[in-house]
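Q: What follows is a structure written as structure tokens; I'll ask about it next.
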């Protein structure tokens, strides 16, 4: 498992990229979930894609969520610049894990308004978030 801060950054960047690639490989993902797995057992991605189901092994969530959360907040405070594609990837990952994060939905609204994000893809993300968190008020408000 990753120990140093640099190792954690590399791991999390790889996981965000794996989530993005999973959506590119299978645009018909219809459900998301967290797979109970207390520690990394194999040297492989913690992202599992079976049929149209996307799973994230639970051991990596403790690294992934704070990383994407901090990246987005630093961007919002204008302390860290991110390109638009990175913003799409980070907000997607963050909202799949925590759809009640208003700032992420607001960034996606801005991306929609400037034409970077397709409205259908944004609604699709909301639909997926609701498969795991059906009572998420922020997701319903964003739709």
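Residue numbers (our numbering): 16 to 158.
Note that the Cβ used here is the ideal one computed from N, Cα and C, for glycine as well.
(1) If we ignore side chains and look at the alpha-carbon of each, how far apart do residue 146 and residue 87 end up?
(2) Does the Cβ-Cβ distance between residue 120 and residue 72 come in under 8 Å?
(3) Please tell me whether residue 90 and residue 109 are closer than 8 Å, where the distance is taken between their beta carbons.
(4) Could you check whether residue 50 and residue 31 sit closer than 8 Å to each other, using their CB atoms as the reference points?
(5) Would you report the Cα separation of residue 35 and residue 104, rounded to the nearest angstrom?
(6) Could you tell me the alpha carbon to alpha carbon distance between residue 66 and residue 33, rounded to whole angstroms?
(7) For the beta strand (DSSP E) containing residue 50, name the first residue and the last one.
(8) Given this structure, state the Cα-to-Cα distance separating residue 54 from residue 76, to the nearest angstrom.
(9) Taking the alpha-carbon positions, what's the residue 27 to residue 79 distance?
(10) With a floor of 4 residues, list each alpha helix (DSSP H) that falls wholly inside the segment 91-121, ordered by position along the chain.
(11) Could you tell me which uninterrupted beta strand (DSSP E) segments, each at least 3 residues in length, are contained entirely in the segment 21-76, listed from first to last along the chain?
(12) Hey, residue 99 and residue 131: beta-carbon distance below 8 Å or not?
(13) So for residue 149, helix, strand or coil by DSSP?
A: With the given structure in hand:
(1) 24 Å
(2) no
(3) no
(4) no
(5) 6 Å
(6) 16 Å
(7) 46-50
(8) So the two alpha carbons sit approximately 11 Å from each other.
(9) 6 Å
(10) Runs of the alpha helix (DSSP H) inside the segment 91-121: 99-112.
(11) 46-50, 62-65 and 68-72
(12) yes
(13) coil
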